Amino acid sequence: MPDIRTLGEFIVEKQNDFPHASGELSSLLGSIKLAAKIVNREINKAGLVDITGAVGSENVQGEEQQKLDLYANDKFKAALEARDQVCGVASEEEDEAVAFNKELNRNAKYVVLMDPLDGSSNIDVNVSVGTIFSIYRRISPKGTPPTQEDFLQPGHRQVAAGYVIYGSSTMLVYTTGNGIHGFTYDPSLGVFCLSHENMRIPENGSIYSINEGNYIRFPEGVKKYIKYCQEDAPEDNRPYTSRYIGSLVSDFHRNLLKGGIYLYPSTAAHPNGKLRLLYECNPMAFLIEQAGGLASDGENRIMDIKPTELHQRVPFFVGSTKMVRQVEDFLKEYPEQQ
Ligand code: AHM
Ligand code: MG
1 MPDIRTLGEF IVEKQNDFPH ASGELSSLLG SIKLAAKIVN REINKAGLVD
51 ITGAVGSENV QGEEQQKLDL YANDKFKAAL EARDQVCGVA SEEEDEAVAF
101 NKELNRNAKY VVLMDPLDGS SNIDVNVSVG TIFSIYRRIS PKGTPPTQED
151 FLQPGHRQVA AGYVIYGSST MLVYTTGNGI HGFTYDPSLG VFCLSHENMR
201 IPENGSIYSI NEGNYIRFPE GVKKYIKYCQ EDAPEDNRPY TSRYIGSLVS
251 DFHRNLLKGG IYLYPSTAAH PNGKLRLLYE CNPMAFLIEQ AGGLASDGEN
301 RIMDIKPTEL HQRVPFFVGS TKMVRQVEDF LKEYPEQQ
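For the sequence shown, the positions run 1 to 338 when full-length UniProt numbering is used.
(1) Let's test the definition: count the other Cβ atoms within 10 Å of the Cβ of tyrosine 264 and tell me whether it reaches 16, buried, or not, exposed.
(2) Strictly by DSSP, which residues pair up with leucine 194?
(3) To the nearest angstrom, report how far apart valine 12 and isoleucine 302 are at their CA atoms.
(4) For leucine 25 versus valine 159, is the C-beta distance shorter than 8 Å?
(5) Roughly how many angstroms separate the alpha carbons of arginine 243 and threonine 144, rounded to a whole number?
(6) When you measure from the CB of aspartate 118 to every non-hydrogen atom of ligand 2, does any distance come out below 7 Å?
(7) DSSP puts methionine 114 in a beta bridge; with which residues?
(8) Between Asn204, Val89 and Arg217, which has its C-alpha nearest alanine 269's C-alpha?
(9) In chain order, what residues of the same chain lie with their CB nearer than 6 Å to the CB of tyrosine 228, ignoring the 5 residues before and after it?
(10) Around the Cβ of asparagine 300, are there at least 16 other Cβ atoms within 10 angstroms (buried) or fewer (exposed)?
(11) Heavy atom of ligand 1 less than 7 Å from the Cβ of lysine 274, yes or no?
(12) Pull up the distance between the alpha-carbon of serine 31 and that of asparagine 178, whole angstroms please.
(13) Considering tyrosine 264, what are the terminal residues of the beta strand (DSSP E) in which it resides?
(14) Determine whether the beta carbon atoms of glycine 246 and glycine 119 lie at a separation below 8 Å.
(15) From asparagine 40 to glutamate 235, what distance separates their C-alpha atoms?
(16) Using the beta-carbon count (16 or more within 10 Å), is glutamate 231 buried or exposed?
(17) Would you say the beta carbon of glutamate 197 comes nearer than 7 Å to a heavy atom of ligand 4?
(18) With DSSP as the reference, please indicate the residues paired to tyrosine 225 in a beta bridge.
(19) Please return the same chain residues whose Cβ sits closer than 6 Å to the Cβ of proline 315, not counting the five positions on each side in sequence.
(20) Excluding the 5 residues flanking alanine 97 on each side, which residues of the same chain have their C-beta closer than 6 Å to its C-beta?
(21) Taking the beta strand (DSSP E) that valine 324 belongs to, which residues open and close that run?
(22) Under the DSSP definition of a beta bridge, which residues are partnered with serine 296?
(23) Apart from the five residues just before and just after isoleucine 139, which ones in its own chain have a Cβ nearer than 8 Å to its Cβ?
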């Protein structure tokens, strides 16, 4: 028998590292694992059944929702509610945070923020998409419905975070603050198997990932950084390679393994950046820091930003430490005229 360690076993093993762990977080992660399998099954069928394509409604940010977005949202919500460890969720697909009403849920200590299917416009063209999640301990007292305060916590208070990448293989990557671990799904067994224990991002990399179509309206510092990436400087591995999938989880995952930087600065269409602080940037920031990298809004550490709104957007620069620092330096050197 090969020595397979499943995600379930690994979570329990790690739980034993915390002397007073009650198993609630393990059970919560178990519900994410279950929903991921269900969504994975549906994504694999995309194109076979009439489930892809826009459903015709728009979400709170005016973006067209895809059918699978809604499907993933429902499945993750249902799985989180069923295990009674979560009192409420906030989701990219929901205008307001959702409180779970069952008494057991009202007595639960965690809230979850998630983007159930990020990059979903890629599904119709068979490109990888992902689920992103972020877990906090609630601030409001148990037994009451969760409040805004529970959802608007800075990223450094996260208890756990992770993503599922539905790619050429499906993987679940998570952290509880003790390193970041990746599990590859074996569909024949129906289990996630430990494949990437304690991932570390190289301190420097040679991949930059940005939607260069928006170049004209990038801040001056970002334009200068892109030119720097393209310069011929073989001693520094430049010119760097440009790689952009347009699916945050996939771009992040590649750069994590190979070393690189993902950038989503302010643009004409998105003056505050496009990505959402609470359920896209913060979880990725927690993961990258656990892997030895950095996440910044160009000036501040992402996880130190005090959120003011559920669907707040921020400029996002994430990846290898040296590369993120370099962008920050360019932004400092070329400040925007107000
Ligand atoms: P979404 O949450 O509506 O799917 O948008 C987030 C996605 C990210 O996955 C991706 O990195 C980015 O939007 C791509 O944006 P753009 O098409 O503007 O380059
Ligand atoms: Mg998204």
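For every residue, glycine included, the Cβ atom is placed at its ideal position computed from N, Cα and C.
Note that the coordinates shown come from a computational prediction; the quantities given were computed from them, not determined experimentally.
Straight from the coordinates:
(1) As a working mapping, residue 264 is identified with position 264 in the sequence shown. Buried, since its Cβ has 16 or more Cβ neighbours within 10 Å.
(2) As a working note, residue 194 is residue 194 in the sequence shown. Looking at the DSSP assignment, leucine 194 forms a beta bridge with Phe183.
(3) Here residue 12 refers to the residue found at position 12 when the sequence shown is read from its first residue. Here residue 302 refers to the residue found at position 302 when the sequence shown is read from its first residue. Their backbone Cα atoms lie some 30 Å apart in a straight line.
(4) Along the sequence shown, read from residue 1 onward, the residue named residue 25 stands at position 25. Along the sequence shown, read from residue 1 onward, the residue named residue 159 stands at position 159. Their beta carbons are under 8 Å apart, which means leucine 25 touches valine 159 by this criterion.
(5) As a working note, residue 243 is residue 243 in the sequence shown. As a working note, residue 144 is residue 144 in the sequence shown. Distance between the alpha carbons of arginine 243 and threonine 144 is about 46 Å.
(6) Taking the sequence shown and counting its residues from 1, the one referred to as residue 118 is at position 118. At least one heavy atom of ligand 2 is nearer than 7 Å to the Cβ of aspartate 118, so yes.
(7) As a position in the sequence shown, residue 114 is number 114, starting the count at 1. Answer by DSSP bridge pairing, in chain order: Ser91 and Phe133.
(8) As a first step, residue 269 must be located in the sequence shown, where it is residue number 269. Alanine 269 has its Cα closest to that of Arg217, out of Asn204, Val89 and Arg217.
(9) Numbered from 1 along the sequence shown, position 228 holds the residue referred to as residue 228. Around tyrosine 228, the same chain offers no residue with a beta carbon nearer than 6 Å, after the five sequence neighbours per side are excluded.
(10) Residue mapping note: residue 300 aligns to position 300 of the sequence shown, counting from 1. Around the beta carbon of asparagine 300, a 10 Å sphere encloses fewer than 16 other beta carbons of the protein chains shown; the residue is thus reported as exposed.
(11) Here residue 274 corresponds to residue number 274 of the sequence shown, with the count starting at 1. For ligand 1, at least one heavy atom lies less than 7 Å from the Cβ of lysine 274.
(12) For the purposes of this step, residue 31 is identified with residue 31 of the sequence shown, where counting begins at 1. For the purposes of this step, residue 178 is identified with residue 178 of the sequence shown, where counting begins at 1. In this structure, the straight-line span from the alpha carbon of serine 31 to that of asparagine 178 is close to 20 Å.
(13) Looking up residue 264 in the sequence shown gives position 264. Judged by DSSP secondary structure, tyrosine 264 falls within the beta strand (DSSP E) whose first and last residues are 261 to 264.
(14) Translated into positions along the sequence shown, residue 246 becomes position 246. Translated into positions along the sequence shown, residue 119 becomes position 119. Cβ atoms of glycine 246 and glycine 119: closer than 8 Å.
(15) As a working note, residue 40 is residue 40 in the sequence shown. As a working note, residue 235 is residue 235 in the sequence shown. Taking the Cα positions, asparagine 40 is about 43 Å away from glutamate 235.
(16) The sequence position of residue 231 within the sequence shown is 231, counting from 1. With fewer than 16 neighbouring CB atoms inside 10 Å of its own CB, glutamate 231 falls in the exposed class.
(17) Ligand 4 is absent from the structure shown, which contains only ligand 1 and ligand 2.
(18) If you number the sequence shown from 1, residue 225 lands on position 225. Tyrosine 225 is not bridged to any residue.
(19) By one-based count along the sequence shown, residue 315 stands at place 315. Cβ-Cβ distances below 6 Å link proline 315 to Pro265, Ser266, Gly273, Asp297 and Gly298 in the same chain, with the five nearest sequence neighbours on each side left out; the list follows chain order.
(20) Locating residue 97 in the sequence shown gives position 97, where the first residue counts as 1. So the list reads Gly88, Ala90 and Phe151, once near-sequence residues are dropped.
(21) As a first step, residue 324 must be located in the sequence shown, where it is residue number 324. Counting along the chain, valine 324 falls outside any beta strand (DSSP E), though it belongs to the alpha helix (DSSP H) covering 321 to 333.
(22) On the sequence shown, residue 296 is found 296 positions in, with the first residue counted as 1. Serine 296 is bridged by DSSP to Arg301 and Phe317.
(23) By 1-based counting over the sequence shown, the position of residue 139 is 139. Excluding residues within five positions, the ones whose Cβ falls inside 8 Å are Thr147, Glu149, Asp150 and Gln153.
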